[in-house]
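To start, the structure under review is shown below, and the notes come after it.
What follows is the structure, given as C-alpha cells:
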C-alpha cells in the first residue's frame, strides 16, 4: 500500500473535496473585510440613537415649559390657603431631563403674598413629549391674611396675581434653573 496514492489520501480526508467555486467564494482577506464592514455598521447603528438625542439637548432646554392651569384661593375665618398646579412639560424628543423642584413666590400687585417650593422626593424624568404635574400650596395667616383682604377689597374681589420663581432641572450639564413669571387668574372656593 502506497501512502501517497490518490485513493488513500481521499479516504483519510487529506485532499480537499470541496468544489473550487465554494473555496474561491470567500477568501480569508474578504472575510476580514466583510467582518470590519459589519462591525463598523453595527457601531454606527449603536451610536446613532444617543448622538441624535444629544443634538436635541439645547432645544429641549429652550422649549421646556411651565404652566399654571389651576390657581385656587380658599378663604376661611382663620387663614387663606392658596393651591396651584404646575405643569412642567418637555415638548421635544430629548431624553435625559429630570425635574427636581419648583420654587415660587405668589404676588398681588408686586406685593409678596407667599413663597414656597414643591417637588418630588427624588428628581423625576421628563420623558419626550410628556408633562409632569406638581402641586404647590401656601397658607396666609395674621398680618399677611389682613394684607390679602385689603388687596382683595381694593381690586373689587379680583386681585391680579402672578407667580414667579425657578424650576430645578437636572440635565447633562448639572442643575439648570430657568426662571418664570406667569400671570394667573384665581378661582375661589
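Residue numbers (this note's numbering): 4 to 192. Just so it is clear, CB atoms sit at the ideal spot from N, CA and C, and this is done for glycine as well. Since this is a predicted model, take the numbers as computed values, not measurements.
Inset, instruction - With a floor of 4 residues, list each alpha helix (DSSP H) that falls wholly inside the segment 87-174, ordered by position along the chain. - result: At a cut-off of 4 residues, the continuous stretches assigned as alpha helix (DSSP H) that sit fully inside the segment 87-174 are 145-157.
Item checked: Proximal residues to residue 130 (C-beta, below 6 Å), its chain only, five neighbours per side dropped -> Only residues of its own chain outside the window of five on either side were considered, and among them none has a CB closer than 6 Å to the CB of residue 130.
Buried or exposed, going by whether 16 or more other CB atoms sit within 10 Å of the CB of residue 93?
Buried is the call here.
- With 16 as the cutoff for other CB atoms within 10 Å, does residue 41 come out buried or exposed? Residue 41 should be labelled exposed.
- Query: Where does residue 80 fall in DSSP's three states?
  - Reply: Coil.
Residue 67 by DSSP, collapsed to three states: which one? Coil at residue 67, not helix or strand.
key: Identity of the residue in 69, 152, 132 and 153 nearest residue 87 by Cα   = Comparing alpha carbon positions, the residue from 69, 152, 132 and 153 closest to residue 87 is 69.
Subject >> Nearest candidate by alpha-carbon position, reference residue 75, set 182, 142, 53 and 114 >> reply: Closest by C-alpha distance to residue 75, out of 182, 142, 53 and 114, is 142.
Legend entry - Spatial distance of residue 64 from residue 105 (CA atoms): Across the structure, residue 64 and residue 105 are spaced so that their CA atoms are roughly 16 Å apart.
_6 Å CB neighbourhood of residue 96 in its chain, flanking five on each side removed_ = Closer than 6 Å at the Cβ level, and outside the excluded window around residue 96, lie 59 and 131.
- Within the same chain, show all residues whose beta-carbon is closer than 6 Å to that of residue 178, passing over the 5 residues directly before and after it, in chain order. Short of 6 Å from the beta carbon of residue 178, and not among the five residues preceding or following it, lie these beta carbons of its own chain, in chain order: 171.
Next on the checklist: With H, G and I counted as helix, E and B as strand and the rest as coil, what does DSSP make of residue 72?
Outcome noted: Three-state DSSP puts residue 72 in a strand.
Item to complete: Would you mind working out which of 52, 127 and 73 sits nearest residue 185, comparing C-alpha positions?
Response: For residue 185, the nearest C-alpha among the options comes from 73.
Between the alpha carbons of residue 33 and residue 55, how many angstroms are there, rounded? Taking the straight line from one Cα to the other gives about 33 Å.
Considering only the beta carbon of each residue, do residue 99 and residue 52 sit closer than 8 Å? Their beta carbons are not under 8 Å apart, which means residue 99 does not touch residue 52 by this criterion.
Identify, in the order they occur along the chain, each residue of the same chain with its Cβ nearer than 6 Å to the Cβ of residue 169, setting aside the five sequence neighbours on each side.
106, 180 and 182.
Return the first residue and the last residue of the alpha helix (DSSP H) that residue 53 is part of.
-> First-last of the alpha helix (DSSP H) with residue 53: 31-58.
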